[in-house]
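The structure under discussion appears below in the form of structure tokens.
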Amino acid sequence: MKRKMTMVLAALMAAVLMAGCSSGTSAETEAAAADAQTEAETQESSQEEPGEETPEETAILVAAAASLKNACEEELIPMFQEQNPGITVSGTYDSSGKLQTQIEEGLEADVFMSAATAQMDALNEEGLIDSDTMVDLLENKIVLIVPSSSELGLASFEDIAKAESIALGDPASVPAGQYAKEALTNLGIWDEIQDKVSFGTNVTEVLNQVAAASADAGIVYATDAASMADQVTVIAEAPEGSLAQPVIYPAAVVKNTAHADEAKAFVDFLQTDAAMAVFESYGFAPGQ
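For the sequence shown, the residue numbers in mature numbering (1 follows the signal peptide of the UniProt record, and there is no 0) are -27 to -1, 1 to 261.
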């Protein structure tokens, strides 16, 4: 387009100069040249094709339990961004207890996805969650795992007491550790194993310890065990009745978000059939 304008301007200037030469009046020539330039610029403006404006990007941050990282990073976030080109999503992953504390201390997260209802409920009671957006998104299971090379011969959840070294999530901040403590306490094993336990700061750390055979056994989510099926072996799920409530993963919009519409769109997306199919492929079940 600029080349076309240049050609038009050159032609007009040439015509004006010829007229100026024939009249011999330089003032008239300069005036005509100015008129020619104005006309050329007007023509360029009228002929300029409107360019497509780049849509403004909105970035949102999802604070999610460590056990959700693979599903979110590998499939769900890319899927959402493809469907919503004006929104970019990044994730921060850790134990739900740590994420709760970070949100309480001012983490500018837009969405919270917890591995237990306790952390979500606590934030909601503190007025930090948009309660209208809270949803029991997923259900998981806790399982006893051993390294794939293990020869201990463990056969039941209760057999964890036979292990010499045990990896568990820290019950102070890791929901998987809280569930493990509850189940083992109800089975009468918790006190018996205390001198064998090392506590991880999140469930991924526990999984990695067992996968590397740094621990003889550990308790993680079924979905975590499935992600390393070639390195760990699942012995058993927590026995029925050992947990008072199912392992529920809630999700919600953080109340102080500056991007409420985009955050809600992401939470709504997580509940779609397409997103739920992804979750199920990673071993989760729909929340009750």
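A virtual CB, placed ideally from N, CA and C, is assigned to each residue, including glycine. Note that the structure is predicted; figures quoted are calculated from it, not measured.
Best match in the options for proximity to residue i [C-alpha to C-alpha]
i	options	result
residue 211	158, 42 and 70	158
residue 37	105, 121, 258 and 147	147
residue 108	237, 247 and 127	237
residue 69	46, 239 and 150	150
residue 118	60, 232, 145 and 188	188
residue 63	73, 75 and 84	84
residue 154	115, 185 and 138	115
residue 177	145, 66, 129 and 124	66
Residue i (DSSP reduced to helix, strand or coil)
i	result
residue 196	helix
residue 31	strand
residue 61	strand
residue 148	helix
residue 160	coil
residue 120	strand
residue 229	coil
residue 259	strand
residue 190	strand
residue 96	helix
residue 38	strand
residue 51	helix
residue 211	coil
residue 109	strand
Outcome for residue i when other beta-carbon atoms lying within 10 angstroms are tallied against a minimum of 16
i	result
residue 122	exposed
residue 218	exposed
residue 92	buried
residue 213	exposed
residue 143	buried
Extent of the continuous beta strand (DSSP E) run through residue i
i	result
residue 173	170 to 173
residue 241	Not the beta strand (DSSP E): residue 241 falls in the alpha helix (DSSP H), residues 233 to 243.
residue 201	Run containing residue 201: none; DSSP gives neither H nor E here.
Residue i, enclosing alpha helix (DSSP H) - first and last residue
i	result
residue 177	176 to 184
residue 140	Per DSSP, residue 140 belongs to no alpha helix (DSSP H); it is in the beta strand (DSSP E), 139 to 142.
residue 248	246 to 254
residue 46	Where residue 46 is concerned, there is no enclosing alpha helix (DSSP H), given that its DSSP letter is neither H nor E.
Test: residue i CB closer than 8 Å to a CB of chain C
i	result
residue 85	Considering every chain present, this structure includes no chain C. It has just one protein chain.
Residue i beta carbon near the ligand NAP (any heavy atom closer than 7 Å)
i	result
residue 64	No copy of the ligand NAP occurs in the structure displayed, which carries no ligand at all.
Taking contact to mean 3 or more Cβ pairs, one atom from each stretch, closer than 8 Å, check whether the region 224 to 238 and the region 100 to 108 are in contact. yes
Could you say if the region 126 to 138 and the region 162 to 180 meet the contact criterion of at least three C-beta pairs nearer than 8 Å? With a cut-off of 8 Å on Cβ pairs, the region 126 to 138 is in contact with the region 162 to 180, counting three or more such pairs.
Any 3 or more C-beta pairs closer than 8 Å across the region 198 to 213 and the region 45 to 64: No, they do not touch.
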